[in-house]
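Below: one structure, written as structure tokens.
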Amino acid sequence: MSRLGVNIDHVATIRRARGGVEPDPVTAAAIAELAGADGIIVHLREDRRHIQDRDLKLLRQTVKTRLNLEMAATEEMIAIALSIKPDICTLVPEKRQELTTEGGLDVRINLSLIEKAIESLQDGGIIVSLFIDPDTDQIKAANKIGADYVEIHTGSFAEAKGIKNEDQELIKIENAIKLASKLGMGVNAGHGLNYSNIKKISALGGIEEFNIGHSIISRAVMVGLDRAVRDMVDLVKYA
Ligand code: PXP
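Under our numbering, the first residue of the sequence shown carries the number 99, and numbering increases by one thereafter.
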């Protein structure tokens, strides 16, 4: 049975729209946990466009499940992670202009930089996951430099048009899951997953945790966060 990690960045994006104090992502995290989320995920971006340092500090004190910090492998972020000590750090690529994280990390090109980041974080007792495309070479590289987990980027699957293209993307993800598991890494997955496409990907098996943000917060606007999280928990765990 997979777990559900809820990404609450979009709650902070709504707060940002008025530059005030609500809605508070810390409150959202508590509601998501009460509704059955197994983890809370936030991305502290270099430009602080949504989640703020204050959120991270408070979330560390209040999250009772697992706190997963998505971040770029920069010196600033590594220092923050080592002082806050999230349970997991997911290293992601970051571009200032992008609307959201666009692609997976290129582990092969940035091998030594990412390896150093992994070492520092693991020395601080933090589990490290790398957000990568479902690509055999990237998975092998992630394993070579000591990643504990990979988070498979499901964006291409989520955006695939037509069943044939979708199934091709699913095969890539399935192969990625098998290889990562064989190499002894844990497997998470996320990006673009929603109440409909989660069923197919969940059926593959082998994914420890799904990391889902946009679709849950979008549904929450209509039906409330408690209900939106419960609906996704049902799909992830029991579909
Ligand atoms: N995983 C990673 C590494 C991400 O950067 C994001 C987006 O913040 C997600 C998962 C969640 O994606 P979505 O908001 O599309 O569910």
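Think of the CB as a built atom: it goes at the ideal place given N, C-alpha and C, for glycine as much as any other residue.
In the displayed model, H108 falls within a helix according to three-state DSSP. Short of 7 Å from the beta carbon of T252, and not among the five residues preceding or following it, lie these beta carbons of its own chain, in chain order: I271, A287, G288, H289, G290, L291 and I299.
With 16 or more other CB atoms across the displayed protein chains lying within 10 angstroms of its CB, D136 is buried.
CA-CA distance, S181 to D221, rounds to 12 Å. Annotation for V190 indicates a beta carbon within 8 Å of some heavy atom of the ligand PXP. The secondary-structure analysis by DSSP pairs R101 across a beta bridge with E307.
Shown here, A258 sits in coil according to DSSP, grouped into three states, outside any helix or strand.
Distances from the alpha-carbon of V109 to those of S100, A127 and G103 put A127 closest.
For the ligand PXP, no non-hydrogen atom lies closer than 8 Å to the CB of L302. With a 10 Å radius around the Cβ and a threshold of 16 neighbouring Cβ atoms, T234 comes out exposed. CA-CA distance, R147 to P121, rounds to 15 Å. Per the DSSP secondary-structure output, Y247 pairs in a beta bridge with S227 and G284. With a 10 Å radius around the Cβ and a threshold of 16 neighbouring Cβ atoms, M330 comes out buried.
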